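The number in the working numbering is simply the position in the sequence shown, starting from 1, with 109 added.
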Amino acid sequence: MGDFNVTKANSPEEIAKFTKYLLRDVQALEYMLKNNWFDSGDTHIGAEQEFCLIDENYKPYPHNLEIIAEANMDNLSPELAKFNLETNVTPQKFTGKALSNMEKEILTDLNKVRQVAKKHKADIIITGILPTIRKFDVESENITPIPRYFALMDALKEMRGEEFIINISGIDELNMKLDSGLIEAANTGFQVHLQVSPANFAKRYNIAQAIAGIVLAPAVNSPLLFGKRLWRETRIALFQQAIDTRVSSEHIRDRYPRVTFGTKWVEESILDIYKEDIIRYRVLLGAEIPHDSLEYVKQGKVPILKALTVHNSTIYRWNRPVYGISPNGKPHLRIEARMFPAGPSVADEMANAAFWLGLMEGYFNRIDDIRKYVKFEDVKDNFYSAAQTGLGKRFKWFNGKSYYVDDLILNEMLDVAREGLEARQIDKEDIDHYLGIIRERVKKSQTGASWQLNTFSKFRDSASREEIMTLLTSSSVKYQKKDIPVHKWKLPKMKELAHWHPSQLLVEEVMETDVLSVQPNDIVDLVADMMDWAKLRYVPVEHPNGEFAGLVTARSILKYLRQAIHEKEYRDLRVKDLMITDPIIIEPYEQLKKAVELMAENNIGSLPVVHKGKLVGMLTETEFFHLSRRLFNRL
């Protein structure tokens with residue numbers, strides 16, 4: 110959980126003051142490393158579980174602070190958006206029943222929150238990206254009202270100096286503009302922590318980098334955003350673009366995003382990473398610093414390194430270095446694996462954790478330096494390939510050899526992971542159970558992402574996008590409550606979609622977004638042929654700058670033709686001569702019920718959907734006809 114006691118660094122003086130503390134934190138850390146201050150006792154593991162609140166219609170439920178107040182759980186905290194929450198798992202000694210104990214604790218915590226949410230006619234879901242999330246949900250009014258989050262969003266916007274543009278391509282393409290970086294909140298993850306000794310940090314961190322793509326490939330669970338089929342783990346691309354502070358430039362110059370895999374292997378220690386991050390990334394947030402860390406260590410006291418911790422919290426490495434203080438008062442170091450999505454089930458999450466932890470330990474015991482066997486460029490490429498395609502891709506591994514990641518996992522990685530877990534004396538039943546989940550997931554090629562995409566394909570021609578997204582969400586919740594791993598999930602049936610109330614839908618959830626349009630100066634012949642070829646009755650008109658201008662209807666075309674026949678004269682009219690310049694329009698965030706009433710009261714068959722003067726979609730009687738037909742079939 111992040112430190113909530115931070116502020117935006119508003120002035121050059123504040124930034125300079127914070128930077129001074131930041132540099133002294135690095136000096137203090139360097140001193141502690143050189144003088145062996147760090148905890149050398151039992152190795153611990155931990156985790157952070159992020160999840161979403163959803164209402165009875167499976168849409169985001171933006172009331173996290175109320176749920177937290179009622180739940181009264183010390184390890185429960187809010188996340189960036191009002192519908193996001195996070196629990197911290199109690200650190201466990203990395204041995205025995207640690208993995209199954211963590212799973213039990215997570216399930217217990219989630220159930221506690223679920224019971225509180227139930228009183229509000231709400232529920233929870235663990236998922237990389239909530240299928241039913243809407244653009245409306247990630248606009249600035251849904252930021253959790255905590256100073257840290259407002260400070261972060263303000264700092265990002267100020268540093269970017271431009272609007273937040275998201276552009277991700279997969280099977281479909283998403284290209285959109287937002288008013289803030291809150292789109293980051295669409296992501297929910299399951300972060301795994303491993304305590305490491307300072308002497309072995311570089312070796313272990315490099316192993317974490319090397320295996321990142323391999324452990325991500327079978328864990329992908331975020332293929333959909335706003336109904337678009339993008340990357341198998343869209344979180345990776347979305348997070349980078351949401352937090353990106355780079356601005357466009359005419360010249361070719363290397364600039365690195367704040368969400369990063371990294372640029373090279375670690376050579377010596379954790380200081381390599383912290384120093385690079387201070388060099389590359391400007392200060393985003395500030396904080397009141399309780400003490401001068403360098404003076405603290407000179408007095409023999411362990412500092413909290415608050416400036417370094419705050420700065421580190423604004424740089425999102427997929428394997429993040431973490432400094433902390435153990436219950437015994439000694440400092441310790443951790444590696445936090447951030448690439449894993451939340452879900453599909455807690456059992457799946459713990460299987461992902463077991464696989465990663467086992468490989469971290471197994472390769473640490475097997476090899477002296479992983480840099481000798483695999484290139485950094487190859488493991489970075491493996492990581493982004495896994496995010497884009499999941500399983501089924503060829504990866505570069507030791508000595509430059511290429512393998513299908515499925516074969517690499519089944520024929521080598523699971524054995525290495527088993528060795529690692531056995532070396533830590535993890536319970537045999539736990540090893541068999543969790544690595545067995547990974548094995549079956551890979552053998553059946555059924556990840557959370559593939560289950561979602563196969564469900565989408567199954568209903569693409571027979572249901573609306575909104576119905577499919579709701580079905581995916583409701584089915585996921587059903588399986589999660591039973592903690593069934595995803596390789597056992599069956600594709601759902603539309604009749605299983607319960608408690609779906611179309612009257613409560615928003616216009617943006619039903620409107621057609623693949624809209625053909627014309628411009629005012631286009632000839633009428635063009636729009637007439639467009640209507641004929643595409644079987645349209647209504648065509649919106651947009652100015653060249655994208656501003657909505659009006660609407661051409663089949664009736665206006667017929668009127669033009671009738672007049673031309675009557676007068677026996679063909680006139681070279683333009684769209685602007687016959688378009689309706691002030692049609693009735695509707696905003697995307699209005700309720701569908703209002704749209705129905707507008708169309709009925711005004712005896713019209715279409716509504717252009719307009720936001721801030723721009724056309725974002727069309728709502729016609731066709732959408733209502735298909736919606737009604739599906740409802741009758743379901744009944």
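Backbone N, C-alpha and C define an ideal beta-carbon position, used for all residues, glycine too.
All values derive from a computational prediction rather than experimental measurement.
Could you give the distance in angstroms between the alpha-carbon of residue i and the alpha-carbon of residue j?
i	j	result
Phe-473	Ile-547	21 Å
Glu-123	Ile-398	12 Å
Thr-423	Pro-717	41 Å
Lys-407	Glu-342	46 Å
Gly-371	Phe-192	30 Å
Ile-444	Ala-658	55 Å
Ala-709	Gln-700	15 Å
Ile-323	Val-514	7 Å
Thr-241	Gly-290	19 Å
Lys-168	Gly-529	41 Å
Arg-362	Thr-199	Residue placement at Arg-362 is flagged as unreliable, the pLDDT there being 43, under the threshold of 50; the coordinate-derived value follows with that caveat. If I take the Cα positions, the gap works out to 44 Å.
Ser-584	Lys-599	9 Å
Gly-714	Glu-730	5 Å
Ile-387	Val-431	15 Å
Arg-429	Leu-394	18 Å
Glu-359	Leu-142	Reliability fails at Glu-359, whose pLDDT of 45 lies under 50, so the model's placement of it is uncertain and the value that follows must be treated cautiously. Looking at the two C-alpha atoms, the distance is approximately 43 Å.
Tyr-390	Glu-486	22 Å
Ala-663	Lys-721	27 Å
Cutting at 6 Å between CB atoms, please list the residues of its own chain near residue i, excluding the five before and the five after it.
i	result
Ile-518	Val-551
Ser-435	Asp-148 and His-441
Lys-553	His-596
Leu-239	Cys-161
Ile-382	Pro-430
Lys-337	Asp-281 and Leu-283
Asp-539	Leu-208 and Ser-209
Report buried or exposed for residue i, applying the criterion of at least 16 other Cβ atoms within 10 angstroms of its Cβ.
i	result
Pro-801	Within the shown structure, residues of the chain are numbered from 110 to 744, placing residue 801 beyond reach of any answer.
Glu-576	buried
Gly-471	buried
Phe-203	buried
His-441	buried
Trp-340	buried
Glu-77	With the chain running from 110 to 744 in the structure shown, residue 77 is simply not present.
Leu-615	buried
Leu-670	exposed
Ser-278	exposed
Phe-734	exposed
Thr-690	exposed
Asp-52	The structure shown has nothing for residue 52, since the chain only spans 110 to 744.
Asp-541	exposed
Phe-127	buried
Ala-463	buried
Gln-745	The question about residue 745 has no answer here: the residues shown for the chain are numbered 110 through 744.
List the whole-angstrom C-beta distance separating residue i from residue j, where the pair is believed to meet the contact cut-off of C-beta under 8 Å.
i	j	result
Arg-475	Val-525	7 Å
Ala-308	Val-375	Ala-308 to Val-375, Cβ: 13 Å. No contact.
Val-301	Trp-427	In fact, because the Cβ distance is near 12 Å, the residues do not count as touching under 8 Å.
Ala-346	Ala-496	7 Å
Val-488	Ala-317	Not quite, the Cβ-Cβ distance comes to about 10 Å (not below 8 Å), so this is no contact.
Val-411	Ile-235	The pair is not a contact, with the Cβ atoms about 35 Å apart (cut-off 8 Å).
Met-268	Asp-218	About 35 Å; that fails the 8 Å criterion.
Glu-139	Leu-380	6 Å
Asn-296	Pro-171	Their Cβ separation, rounded to whole angstroms, is 16 Å, which puts Asn-296 and Pro-171 out of contact at 8 Å.
Ile-693	Leu-707	6 Å
Trp-146	Lys-591	46 Å between Cβ atoms; not a contact.
Could you pull the start and end residues of the beta strand (DSSP E) that residue i belongs to?
i	result
Ala-61	Not covered by the structure: residue 61. The range shown for the chain is 110 to 744.
Val-725	723-729
Lys-286	282-287
Asp-232	231-234
Asp-164	153-164
His-720	715-720
Ile-444	440-446
Span of the alpha helix (DSSP H) holding residue i?
i	result
Gly-471	455-475
Ile-275	Taken as a continuous stretch (DSSP letters only), Ile-275 belongs to no alpha helix (DSSP H), being part of the beta strand (DSSP E) at 273-278.
Leu-606	Leu-606 -> no alpha helix (DSSP H), and no H or E assigned at all.
Gly-545	537-553
Tyr-432	Per DSSP, Tyr-432 belongs to no alpha helix (DSSP H); it is in the beta strand (DSSP E), 428-434.
Ala-177	The question names Ala, but residue 177 in the sequence shown is Ile. Counting along the chain, the alpha helix (DSSP H) containing Ile-177 begins and ends at 173-180.
Who are the near neighbours of residue i in its chain, counting only those whose CB is closer than 8 Å to its CB and skipping five residues on each side?
i	result
Val-725	Glu-617, Met-620, Thr-622, Pro-697, Val-718 and Val-719
Val-636	Val-627, Val-648, Val-661, Ile-666 and Val-684
Ser-249	Met-262, Asp-288, Ser-289 and Leu-291
Considering only residues of the same chain and omitting the five flanking positions on each side of residue i, which have a CB-CB separation below 7 Å?
i	result
Arg-133	Asp-401, Ser-402 and Leu-403
Asn-508	Tyr-482
Phe-259	Ile-252
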